[in-house]
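Here my numbering is used: the first residue of the sequence shown is 7, the next is one more, and so on. This report concerns only the one structure given below.
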Amino acid sequence: MASTKPLVLLTGATGFVGAHVLDQLLRSAKYRVLAPVRSTSKANYFLDKYAQDISAGNLTFTTNPDLSAPHALDSTLKENKISYIIHLASPYFTTSSNPIEELVKPAVNATRNVLLSALTYGEAELKRLTVLSSFASVVDISKNPRPGYKYTAEEWDPITEEQAAQNGVLGYHASKTFAEREAWKLHDVGPDECSHPHKAKFALTTLCPPMIYGPPIHYSPENVPKEGISGLNTSTMRLMNGILGKDPLFAPKVATPGLPAWIDVRDTARACIATIDLKDDQSERVLLSGGVDYYEDGLKGLRAKGVQGLGEPGALVNPANHFSLDQSKQQEILGLKETIPFQRTVEDTYEAVKALGLL
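Put into C-alpha cells, the structure is as follows:
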C-alpha cells in the first residue's frame, strides 16, 4: 500500500544544514523525503546511515547535476506529488576572485529554477515552498556595529551588484539578497516571460538566519576533509578557529566573524520544518536568531572539562556594543520560543569535531 505521508522535496540535503533537516524530518516519522544531489557519491554516507528509511520508502535520492541549470527540477516536479519544498542548496564561502560568477549567479539561478519548476509543474499538489535565505539579506554591514539597533524581517540589505563584485563577503551578501528577492518576485507576480503572470497558489516562506553554528552530522570519520578543520563547512571551520584562538582575522573575544549574531543548526532545522505547519495561505519572511553571544560566553563548559588553549580567558565583552535581532516572528509564528544556548552549541560542535578525529 502506498504511503500517505506528505512528500518533502529537500535540496541541499547532504550539506551542513540539510543533514539536520533531513534527520529531523525522518525522525518525526511524518514525512517522506525526496533529495536531489549532484552525484550519487555525495549521498554514499547517507545511503548507509539511512538504509532503513530508504528501504521503507521514506527517503529517496535522485541525481540532479546542477540546480542552477534551467529546468533542473522539472522532471522531479512532474513525476512526483510533492507537498512541500525546502530549498537549502546555495553556495557559502567568502573568498572569491569572481563573486558574481561563483556566488551570485549560482544562488539566484538555483532559487529561480526551483520557483519556476514549482510554478510550472507543482501547483496542483504543492502547499508551501520554504527558502533558507540569510541575515545577509537583511543586514546593512556598512552601518555595523549599530549598538542598540534591532533588525527586523522587514529590512533588506541595500547591496548592489557593483558592490557584490568587489569581494567574496559582499558577493555572498548579494547572493542571498538577490536570490531571496527573486523568490518573492516569482511567487507574488510570476516570471517576466510568463504570458499570464499570477500569484503562486502555494505559500512561500523565507527564513533569514545569521551565522549558523552547531555539530556537523554530514561527515563521518571515514569521509572527513583531508585538509582537517580548514576543510570543514565554512561556519564550522570559523567557529572552531575562533574558539581555538586561531582565527586570523578576528579576535577570539568576538562572537562570530564580523557579526555577533548566530543560531544553532538544530534550531535552524526546526524552523525549516515548522514552516510546514503554517496555514496553507500564510506566506512569511522570518528572521531567525539564537542571540548575541561571544566566543568567551561559549567556552566556560569546555574549560570546566579541562580543555586548554581556548579563546581569550577573562575577555570582557558586552552585547550592547552590537545590534540585535528581533525574535518575535520566530517565537510567535514558528514556535521557537526557546533556542539552544551558545555554550551548548560550542561544546557540542567541539565534541563532534573531536569525534571526527580532527582534534
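Glycine included, each C-beta is placed from N, C-alpha and C at the ideal position. All figures in this text were calculated on a predicted structure; none of them were measured in a lab.
Beta-carbon contacts of residue i that lie in its chain and below 6 Å, excluding the five residues immediately before and after
i, result
"Gly154", "none"
"Thr240", "Tyr98, Phe99"
"Ala75", "none"
"Thr212", "Val137, Ser139, Glu186, Arg291"
"Lys207", "Glu129"
Residue i burial status per 10 Å Cβ neighbour count (16 or more: buried)
i, result
"Asn324", "exposed"
"Gly312", "exposed"
"Asn70", "buried"
"Asn104", "exposed"
"Arg244", "buried"
"Asn327", "exposed"
"Leu331", "buried"
"Val175", "buried"
"Gln376", "This structure cannot settle anything about residue 376, because the visible part of the chain is limited to 7 through 365."
"Ser181", "buried"
Straight-line Cα distance separating residue j from residue i
i, j, result
"Asn50", "His93", "21 Å"
"Leu250", "Cys278", "30 Å"
"Ala41", "Glu186", "21 Å"
"Ala10", "Leu132", "A quick correction: the sequence has Thr, not Ala, at residue 10. If I take the Cα positions, the gap works out to 15 Å."
"Trp268", "Tyr300", "10 Å"
"Lys232", "Glu353", "23 Å"
"Glu160", "Val145", "11 Å"
"Ser148", "Asn86", "45 Å"
"Pro227", "Gly234", "11 Å"
"Val27", "Lys55", "15 Å"
"Gly18", "Ile165", "26 Å"
"Glu167", "Gln333", "29 Å"
"Leu121", "His179", "21 Å"
Bridge partners - residue i, DSSP secondary structure assignment
i, result
"Trp268", "Met217, Gly297"
"Thr69", "Val43"
"Glu290", "Thr211"
"Tyr178", "Tyr178 is not bridged to any residue."
"Arg187", "Arg187 is not bridged to any residue."
"Leu331", "Tyr157"
Own chain, CB closer than 8 Å to residue i, minus 5 neighbours either side, in chain order
i, result
"Gly63", "Ser9, Arg38"
"Lys111", "Ser74"
"Thr68", "Leu40, Ala41, Pro42, Val43, Thr82"
"Asn119", "Leu73, Ser74, Ala75, Pro76, His77, Ala78, Leu79"
"Leu32", "Val39, Tyr56, Asp59, Asn64, Leu65"
Residues near residue i by beta carbon distance below 7 Å, same chain, minus five either side
i, result
"Asn229", "Tyr51"
"Leu305", "Ile249, Leu316, Gly317, Val352"
Taking 8 Å as the threshold, find out whether the region 270-282 comes into contact with the region 329-346 through three or more Cβ pairs. By the criterion of at least three beta-carbon pairs nearer than 8 Å, the region 270-282 is in contact with the region 329-346.
Would you be able to state if there are at least three C-beta pairs under 8 Å between the region 77-84 and the region 144-158? Two segments are said to touch when three or more pairs of C-beta atoms, one from each, lie closer than 8 Å; by this definition the region 144-158 does not touch the region 77-84.
When the Cβ atoms of the region 206-226 are set against those of the region 139-148, are three or more pairs found closer than 8 Å? The region 206-226, when compared against the region 139-148, does touch it at the 8 Å Cβ threshold.
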